[in-house]
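J.: Just so we're aligned, residue 1 is where the sequence shown starts under the working numbering, counting upward by one.
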Amino acid sequence: MWEECPSDRAWSSCLGTATCANGRGARLLAARRRRSYNHAMGIESASGPFRVCGACKRAWPTWDGFVQDPAVRLRGLQSLAAEPGSNLLVFEHSCGSSISVLARRLRHLLPELESDAPLAVLFGTEQCRGHCRLLKDLEACDAPCGNVRDRALILIIQCLKKTAEQSAQA
Numbered sequence: 001m002w003e004e005c006p007s008d009r010a011w012s013s014c015l016g017t018a019t020c021a022n023g024r025g026a027r028l029l030a031a032r033r034r035r036s037y038n039h040a041m042g043i044e045s046a047s048g049p050f051r052v053c054g055a056c057k058r059a060w061p062t063w064d065g066f067v068q069d070p071a072v073r074l075r076g077l078q079s080l081a082a083e084p085g086s087n088l089l090v091f092e093h094s095c096g097s098s099i100s101v102l103a104r105r106l107r108h109l110l111p112e113l114e115s116d117a118p119l120a121v122l123f124g125t126e127q128c129r130g131h132c133r134l135l136k137d138l139e140a141c142d143a144p145c146g147n148v149r150d151r152a153l154i155l156i157i158q159c160l161k162k163t164a165e166q167s168a169q170a
């Protein structure tokens, strides 16, 4: 559903140029990115590292350091139908351990909602497209569901990782 990030963009531009393939563009404003990024960084630095690997104890002080680390691979979204605020993004570290991050910790990367009204979670209903049923399904979803934002977050993270890898190779 979301177009892939072109390879020649800097990783920070991925956040502002994600475009929905069905024409409903999602553009983050630069001021929103800076405010959210700075707010998230303040929280992270005040409360310790963003994540620590439970197996090897490798620590990532910031969300962007974690997401861009080539030793960390996104495995998928673990959706909790009864608690959509507790959805987890599951990553795999090169040491073999899984590292989960609450999706809401990275939602500052997403555009603002057009409406403050929460969407119902369609997980397990007839309207569900089935993407959240399998952890390894990294596709976007266009269903009017409470999980659609976290599914879009998957694509933004993939874009950030791709551009970080390309920058490292250059």
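Beta carbons are placed, not taken as given, at the ideal position from N, Cα and C, and that holds for glycine.
Please read these numbers as outputs of a predicted model, since none were measured by experiment.
Out of 70, 74, 99, which one is the CA nearest neighbour of residue 175?
T.: There is simply no residue 175 to check, as the chain begins at 1 and stops at 170 in what is shown.
J.: Going by DSSP, name the residue or residues bridged to residue 100.
T.: Its beta-bridge partners are 90.
J.: Sort 50, 69, 118, 54 by Cα distance to residue 61 and report the nearest one.
T.: Ranking the options by Cα distance to residue 61, first place goes to 50.
J.: With which residues is residue 72 paired in a DSSP beta bridge?
T.: Residue 72 pairs with 93.
J.: For residue 67, which option in 169, 162, 170 has the closest C-alpha, if you only look at C-alpha atoms?
T.: Nearest C-alpha to residue 67: 162.
J.: Which residue wins for smallest C-alpha separation from residue 124, given the options 133, 116, 104, 93?
T.: Closest option to residue 124, Cα to Cα, is 133.
J.: Report yes if the CB atom of residue 153 is closer than 8 Å to the CB atom of residue 102, and no otherwise.
T.: Their beta carbons are not under 8 Å apart, which means residue 153 does not touch residue 102 by this criterion.
J.: Around the Cβ of residue 84, are there at least 16 other Cβ atoms within 10 angstroms (buried) or fewer (exposed)?
T.: By the 10 Å Cβ count, residue 84 comes out buried.
J.: Take residue 177 as the anchor and find which of 70, 65, 58 has the nearest alpha-carbon.
T.: Absent from the structure is residue 177, since the part of the chain shown begins at 1 and ends at 170.
J.: Return the chain-ordered list of same chain residues with a C-beta closer than 8 Å to the C-beta of residue 44, the five sequence neighbours on each side being excluded.
T.: Any reading at residue 44 must be qualified, since the residue scores a pLDDT of 44, below 50, and its modelled position is unreliable; no value is offered.
J.: Do residue 119 and residue 140 have their C-beta atoms within less than 8 Å of each other?
T.: Not in contact: residue 119 and residue 140 (Cβ atoms no closer than 8 Å).
J.: Going by C-alpha distance, which of 48, 54, 151 is nearest residue 106?
T.: Closest option to residue 106, Cα to Cα, is 151.
J.: Express the C-alpha separation of residue 157 and residue 137 in angstroms, rounding to a whole number.
T.: The alpha-carbon atoms of residue 137 and residue 157 are separated by roughly 14 Å.
J.: Residues in the same chain with beta-carbon distance under 7 Å from residue 121, minus the five sequence neighbours each way, listed in chain order, please.
T.: Correct list, in chain order: 81, 84, 145, 146, 147.
J.: With a 10 Å radius around its C-beta and 16 neighbouring C-beta atoms as the bar for buried, classify residue 58 as buried or exposed.
T.: The residue is buried, with at least 16 neighbouring Cβ atoms inside 10 Å.
J.: In whole angstroms, what is the alpha-carbon distance linking residue 79 and residue 86?
T.: For residue 79 and residue 86, the distance between alpha carbons rounds to 8 Å.
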